[in-house]
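Note that the protein sequences, when read in sequence, are chains A and B.
Letter by letter, the first sequence follows residues 1 to 264 in the numbering used here.
Letter by letter, the second sequence follows residues 265 to 613 in the numbering used here.
Heads up: the structure comes next, in structure tokens.
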Amino acid sequence: MMENASQPPLIELRGISKYFGPVRALENVNLVVNRRQVVGLVGDNGAGKSTLMKILTGAYQPTFGEILLEGRPVHFASPHESRLAGIEMVYQDLALAGNLSIAANIYLGREPIKRQWGLFRFMDEKRIENGSRELLERLKINIPNVKARVENLSGGQRQSVAIARATAFNAKLVIMDEPTAALAVKEVAKVLETVLNLRAHGVAVILISHRMQDVMSVADRIIVLYEGAKVADLERSKTNLDEIVAYIVGSKGSAAQARAVAEG
Amino acid sequence: MSQSGTTPAATPAKTAVQLRGLGELFERVGILIVLLVLIALITIVERLANGTAYFLSIENFSNIARQIPWQAPLALGEFLAILTAGIDLSVGSVLALAMMSTVIAAHAGVPAIPAMLIGLAVGAACGAVNGLALTRLRLPHPFIPTLAMVYIARGLTNLLSNGTPILRVPWEFRVLGAGNVCLFTFECTPTSLRIPVPFIVVVLLFVGFGIFLTRTRTGRHIYAVGGNPQAALYSGINVNKILTLVYILSGALAAVGAILLAGRTNSGEPQAGVGTELVAIAAVIIGGASFFGGRGNVFGVFIGLVIMGVIGNGLNILGVQPFWQQVAIGVIILLVATLDVVRRRTNRT
Ligand SMILES: Nc1ncnc2c1ncn2[C@@H]1O[C@H](COP(=O)(O)OP(=O)(O)O)[C@@H](O)[C@H]1O
Ligand SMILES: [Mg+2]
């Protein structure tokens, strides 16, 4: 994944720190995501993965540090703002309304309008349905009826719809926080396939997962957080599971070195 | 996260989806089946017990159509609140305040239509207070601000009227609240088929709100807020704005009920609407809306109102003690709410 030297990276986080009162959730994290890249973000529970992503989407504000989108500094006051800038987050089931149809969910908050008798501003149901169908086809997500309610879907189908929805409107970066945690084995494969389809369509992906085999199978790069600090940033092709796990548990990396120094 | 590794076989899963589809269908028309069964039951019992068929007569249906209207707008407003997983306890009191305001305005010489608009504005203002108290003061649940409004609006009503009714309203009110349109004949003769004007008003109101809820963005966003407020928020929907709008509409709809009731009773009555919020809630729940929010439609609410009207009217015709009506309505609420819970449980597999 060579980047054009003249082109700035898609996303750059510089010196991000986040304190919740006395809790240091993140400490001086630097992170770069390039276009068409799947980045695996891993770390133990409480390492700060979710917090870092919430800062990136504007759900939290960093205590220190800045965010650059395509080389320009940005400030996202809310996830809605980052969304408008092309950064989408797929939440675990959070972002879908089960009582609405698949199509309604995909277009929720951005329903196209058509005028009826020049007077009423009705939703353009045709465009909503056709657009949803095309989107699902493009991502090779197999759901026959876009009018079905989301609550009637399986967990994997729901996750796929959430991903599709995240990418529906020119997303540049899609963030997935544990997208496979609640899924059956067969469904996990579908979600990972969708991740690769996204990359094929030019979208960058940050994938957070506890399932190391998932991350290893789709990520181009793997970043490890340990107690709020970035301890590793490795090309997938130049590392292996053992090394990553060693970073995750802290037996390798700056944390281990620091401890070794402290213990003499 | 507990359900890991269980891959259901393909065939049972497919059946499950079909069953859920049936559930969705039942959600749409089930309430109609309940109504038809009820009508059939009352008809059969009447035939067996009294040997008559008055219940099914057009005249009697006209009676039912006359009984429902003034409560119907309140049920519609209540439905909007319940759709967002909220509640509006104040519809009865707001009705009284709007009724008093509009009648007092009319007596003070304001022409009928502007007087009605004053009533609507008062209702909408009460709703705005409910909505803003909920979203700006961040009260934990709409129960609280609307409970406060129960007392505030009723107190203001009594202050305005000194607690005494005001008799007589302009003819425009009478037409809306008690008028008839006769089918097939220009002038109403004793034999012509009468359709109450308030019933027509209510039908138009329900059709209008049905279109609003299903075809406009705002309508869909109301459903989304009820289905999953976090999803709505994340989608850039201004949840607070939607909630405030819902309570404003509920207040304005209570005022529509006030105008119909003033026309029907030819008065402004400070005790009007006491307990009506419970009738409205009952109609909404019987009509298939869910207290969990996001579920139900205006057609169901309408049928819910008709069911309550039919129970009252039918048991009357059968000569059953009126107290049994209350028991019957209570039992139906329990049944319908249980169905809702069961359906939710089957969805969560
Ligand atoms: N809103 C919050 N308030 C206080 N502490 C928080 C908050 N969110 C996260 N934290 C803390 O920040 C640290 C990182 O949490 P998190 O980002 O959720 O980790 P991860 O997603 O890697 O498991 C944890 O110690 C957690 O307790
Ligand atoms: Mg997390």
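Here a beta-carbon is modelled for each residue, glycine too, at the ideal position from N, C-alpha and C.
Buried versus exposed, by CB contacts within 10 Å (16 or more), residue 365 of chain B: Numbered from 1 along the second sequence, position 101 holds the residue referred to as residue 365 of chain B. By the 10 Å Cβ count, residue 365 of chain B comes out buried.
Closer than 7 Å at the beta carbon, the chain B residues around residue 98 of chain A: Indexing the first sequence from 1 puts residue 98 of chain A at position 98. Those within 7 Å of residue 98 of chain A in chain B are 491 and 492.
Residue 65 of chain A: first and last residue of the uninterrupted beta strand (DSSP E) it sits in: Taking the first sequence and counting its residues from 1, one reaches residue 65 of chain A at position 65. It spans 64-69 - the beta strand (DSSP E) in which residue 65 of chain A sits, taken as one unbroken run.
Three-state class that DSSP yields for residue 206 of chain A in the structure shown: Numbered from 1 along the first sequence, position 206 holds the residue referred to as residue 206 of chain A. If DSSP states are grouped into helix, strand and coil, residue 206 of chain A belongs with the strands.
Residue 212 of chain B at chain A interface by Cβ criterion, 8 Å: Residue 212 of chain B cannot be examined here, being either before or after the span of chain B that is shown, 265 to 613.
Counted within 10 angstroms of its Cβ, other Cβ atoms place residue 76 of chain A as buried (16 or more) or exposed: Here residue 76 of chain A refers to the residue found at position 76 of the first sequence. Classification of residue 76 of chain A: buried, given that the 10 Å Cβ count is 16 or more.
Under 8 Å (Cβ pairs) to chain A, residues found in the region 399-430 of chain B: none
Alpha-carbon spacing of residue 162 of chain A relative to residue 361 of chain B, whole angstroms: Taking the first sequence and counting its residues from 1, one reaches residue 162 of chain A at position 162. Taking the second sequence and counting its residues from 1, one reaches residue 361 of chain B at position 97. The alpha-carbon atoms of residue 162 of chain A and residue 361 of chain B are separated by roughly 46 Å.
7 Å Cβ shell around residue 274 of chain B - same chain, five flanking residues per side excluded: Indexing the second sequence from 1 puts residue 274 of chain B at position 10. For residue 274 of chain B, the predicted structure reports a pLDDT of 38, less than 50, and the residue's modelled location is therefore unreliable. The matter cannot be settled from this model.
Beta-carbon spacing of residue 220 of chain A, residue 53 of chain A below 8 Å: Numbered from its first residue, the first sequence carries residue 220 of chain A at position 220. Numbered from its first residue, the first sequence carries residue 53 of chain A at position 53. Taking 8 Å as the Cβ cut-off, residue 220 of chain A and residue 53 of chain A do not qualify as a contacting pair.
Chain B contact for residue 43 of chain A (CB, 8 Å cutoff): For this step, residue 43 of chain A is matched to residue 43 along the first sequence. No - not a single Cβ of chain B is within 8 Å of the one on residue 43 of chain A.
Contained alpha helix (DSSP H) runs [length at least 4] in the region 141-210 of chain A, N- to C-terminal order: 155-167 and 185-200
For residue 82 of chain A, the three-state DSSP class (helix, strand or coil): Within the first sequence, numbered from 1, the residue matching residue 82 of chain A stands at position 82. In the structure shown, residue 82 of chain A sits in a helix (DSSP, three-state: H, G or I).
Cutoff 8 Å: residue 135 of chain A Cβ touching any chain B Cβ: Looking up residue 135 of chain A in the first sequence gives position 135. With 8 Å as the cut-off, residue 135 of chain A does not count as an interface residue toward chain B.
Near ligand 1: residue 229 of chain A beta-carbon under 7 Å from a heavy atom: Translated into the one-based positions of the first sequence, residue 229 of chain A becomes position 229. Result no, Cβ not under 7 Å from ligand 1.
Sequence ranges, alpha helix (DSSP H) only - wholly within the region 228-255 of chain A, length at least 4: 241-249
Rounded straight-line distance, which links the Cα of residue 356 of chain B to that of residue 48 of chain A: In the first sequence, residue 48 of chain A corresponds to position 48, counting from 1. In the second sequence, residue 356 of chain B corresponds to position 92, counting from 1. If I take the Cα positions, the gap works out to 51 Å.
Expected contact under 8 Å - CB spacing of residue 474 of chain B and residue 295 of chain B to nearest Å: Counting from one through the second sequence, the residue named residue 474 of chain B turns up at place 210. Counting from one through the second sequence, the residue named residue 295 of chain B turns up at place 31. About 15 Å; that fails the 8 Å criterion.
Enclosing beta strand (DSSP E) for residue 88 of chain A [first to last residue]: For the purposes of this step, residue 88 of chain A is identified with residue 88 of the first sequence, where counting begins at 1. Per DSSP, residue 88 of chain A belongs to the beta strand (DSSP E) from 87-90.
Contact residues within the region 550-563 of chain B, judged by C-beta distance below 7 Å to chain A: 558 and 559
Near ligand 3: residue 237 of chain A beta-carbon under 7 Å from a heavy atom: Among the ligands modelled here, namely ligand 1 and ligand 2, ligand 3 does not occur.
Any non-hydrogen atom of ligand 2 closer than 7 Å to residue 214 of chain A Cβ: The residue labelled residue 214 of chain A in the question sits at position 214 within the first sequence. No; taking the cut-off as 7 Å, the Cβ of residue 214 of chain A has no heavy atom of ligand 2 nearer than that.
Closer than 8 Å at the beta carbon, the chain B residues around residue 158 of chain A: Indexing the first sequence from 1 puts residue 158 of chain A at position 158. Chain B residues near residue 158 of chain A: none, gap ~12 Å exceeds 8 Å.
is_contact[residue 122 of chain A, chain B] using C-beta, thresh 8 Å: Start at 1 with the first residue of the first sequence, and residue 122 of chain A comes out as number 122. It does: the Cβ of residue 122 of chain A has a partner Cβ on chain B nearer than 8 Å.
Contact set between residue 40 of chain A and chain B, taken where Cβ atoms lie within less than 7 Å: Numbered from its first residue, the first sequence carries residue 40 of chain A at position 40. The premise fails here: residue 40 of chain A is roughly 20 Å from chain B at the closest Cβ pair, so nothing lies under 7 Å.
Sheet register partners of residue 112 of chain A (DSSP bridge): Within the first sequence, residue 112 of chain A is the residue found at index 112, counting from 1. For residue 112 of chain A, which the question treats as bridged, DSSP gives no partner whatsoever.
DSSP beta-bridge partners of residue 342 of chain B: In the second sequence, residue 342 of chain B corresponds to position 78, counting from 1. DSSP lists no partner for residue 342 of chain B.
Residue 23 of chain A beta carbon near ligand 1 (any heavy atom closer than 7 Å): Position 23 of the first sequence, counted from the first residue, corresponds to residue 23 of chain A. Residue 23 of chain A Cβ: within cutoff of ligand 1.
Neighbouring residues, chain B, relative to residue 111 of chain A (Cβ below 8 Å): Counting from one through the first sequence, the residue named residue 111 of chain A turns up at place 111. Those within 8 Å of residue 111 of chain A in chain B are 481 and 484.
Heavy atom of ligand 1 within 7 Å of residue 98 of chain A beta-carbon: Stepping through the first sequence from its first residue, residue 98 of chain A is reached at position 98. It does not: the Cβ of residue 98 of chain A is nowhere closer than 7 Å to a heavy atom of ligand 1.
Residue 463 of chain B - DSSP class collapsed to helix/strand/coil: In the second sequence, the residue the question calls residue 463 of chain B occupies position 199. Three-state result, residue 463 of chain B: helix.
Other residues of its chain near residue 188 of chain A: CB distance less than 8 Å, five sequence neighbours each side excluded: Here residue 188 of chain A refers to the residue found at position 188 when the first sequence is read from its first residue. 156, 180, 211 and 214, listed in sequence order.
Whole-angstrom distance between residue 196 of chain A and residue 228 of chain A, CA atom to CA atom: Walking along the first sequence from the start, residue 228 of chain A turns up at place 228. Walking along the first sequence from the start, residue 196 of chain A turns up at place 196. Straight-line Cα distance between these residues: approximately 28 Å.
Residue 431 of chain B (DSSP reduced to helix, strand or coil): For this step, residue 431 of chain B is matched to residue 167 along the second sequence. In this structure, residue 431 of chain B counts as strand in the three-state DSSP scheme.
Minimum C-alpha distance to residue 469 of chain B - residue among B/420, B/590 and B/521: In the second sequence, counting from the first residue as 1, residue 469 of chain B sits at position 205. If we check each option's Cα against that of residue 469 of chain B, B/521 comes out closest.
Residue from A/232, A/246, A/70 and A/16 with nearest C-alpha to residue 8 of chain A: Working through the first sequence from its first residue, we reach residue 8 of chain A at position 8. Measuring from the Cα of residue 8 of chain A, the nearest candidate turns out to be A/70.
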